[in-house]
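Trainee: Going by this note's numbering, the sequence shown opens with residue 185, and the numbers climb by one from there.
Mind looking over this structure? Questions follow.
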Amino acid sequence: MSDPTVTDLRRELEKARLALIDAQSHLSAHAHMNAALHCATEVFYSPLHAKVTSAIAGIEHALARTDRPNPPTLDHQSSDGQWAALVADLDRCQHGRHQGDACGPADACTGTSAGNPHLRPGAVIGYGLRGDQIVMPDRESKHDLAAWRRPSPTT
185 MSDPTVTDLR RELEKARLAL IDAQSHLSAH AHMNAALHCA TEVFYSPLHA
235 KVTSAIAGIE HALARTDRPN PPTLDHQSSD GQWAALVADL DRCQHGRHQG
285 DACGPADACT GTSAGNPHLR PGAVIGYGLR GDQIVMPDRE SKHDLAAWRR
335 PSPTT
């Protein structure tokens, strides 16, 4: 699945999963504290703890269903795609939102993110070995390696 929307959703689901794991840990510690406070022999978890645990399982299931066996990489030395993830994030605004995503009202973008103010789509960001231009692609094409390259103007 190389759809950029799926990639963005997977990234957001992973952030939600990590936040829920922290919440689950906090709720578990709270339940143990209550049991110790009341000298209870059993720990009773709240219904919220069960809901958080269920939500984590749902997110993990969704991530497993959209998992790519061989993610595309932009660095031929790397098999884990860390460089591809770094490059795919170049269109984020200073609040961490991709171009076109909703940016909170407290943020300076106020509404829809305009993306990285330093790297607009079409901007030349570097040059290849043979003088071909490396450009910032538009949102829909950022996961297409060919969209990052433009033939050199001299050829």
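Where is the CB? At the ideal position from N, CA and C, for every residue including glycine.
Give the range of the beta strand (DSSP E) segment to which Q317 is assigned.
Mentor: For this step, residue 317 is matched to residue 133 along the sequence shown. Element bounds for Q317: 317-319.
Trainee: Going by C-alpha to C-alpha distance, which of T296, R314, H327, M320 sits closest to S336?
Mentor: To locate residue 336, count along the sequence shown from 1; it is residue 152. Ranking T296, R314, H327, M320 by Cα distance to S336 puts R314 first.
Trainee: With V308 as the anchor, note down where its beta strand (DSSP E) starts and where it stops.
Mentor: As a position in the sequence shown, residue 308 is number 124, starting the count at 1. Per DSSP, V308 belongs to the beta strand (DSSP E) from 308-311.
Trainee: Between the C-alpha atoms of L274 and E226, what's the straight-line distance to the nearest angstrom?
Mentor: Taking the sequence shown and counting its residues from 1, one reaches residue 274 at position 90. Taking the sequence shown and counting its residues from 1, one reaches residue 226 at position 42. When rounded, the distance between both Cα atoms is 50 Å.
Trainee: Among L202, L329, A246, which has the Cα closest to the Cα of V271?
Mentor: In the sequence shown, counting from the first residue as 1, residue 271 sits at position 87. Considering only alpha carbons, the answer is L329.
Trainee: Closer than 8 Å by C-beta to D259: which residues in its own chain qualify, once you throw out the five before and the five after it? Chain order, please.
Mentor: The sequence position of residue 259 within the sequence shown is 75, counting from 1. Only weak support exists for where D259 lies, its pLDDT of 48 falling under 50; the value from the coordinates is given anyway. For D259, where only same-chain residues beyond five positions count, the Cβ hits under 8 Å are Q266, W267, A268.
Trainee: How long is the line joining the alpha carbons of E324 and H279, rounded to whole angstroms?
Mentor: Here residue 324 refers to the residue found at position 140 of the sequence shown. Here residue 279 refers to the residue found at position 95 of the sequence shown. In a straight line, the C-alpha of E324 is about 20 Å away from that of H279.
Trainee: Would DSSP call A234 helix, strand or coil?
Mentor: Reading the sequence shown from its first residue, position 50 is the one you call residue 234. A234: helix per DSSP, three-state reduction.
Trainee: Can you list, in chain order, the residues of its chain with a C-beta nearer than 6 Å to that of N218? Leave out the 5 residues immediately preceding and following it.
Mentor: Sequence index remark: in the sequence shown, residue 218 carries index 34 (1-based). Contacts found: none.
Trainee: I'd like the span of the alpha helix (DSSP H) that includes D206, first residue to last.
Mentor: Taking the sequence shown and counting its residues from 1, one reaches residue 206 at position 22. That run of the alpha helix (DSSP H) goes 188-221.
Trainee: Nearest-angstrom Cα distance between V308 and A298?
Mentor: Counted from its first residue, the sequence shown places residue 308 at position 124. Counted from its first residue, the sequence shown places residue 298 at position 114. Going from the Cα of V308 to the Cα of A298 covers about 18 Å.
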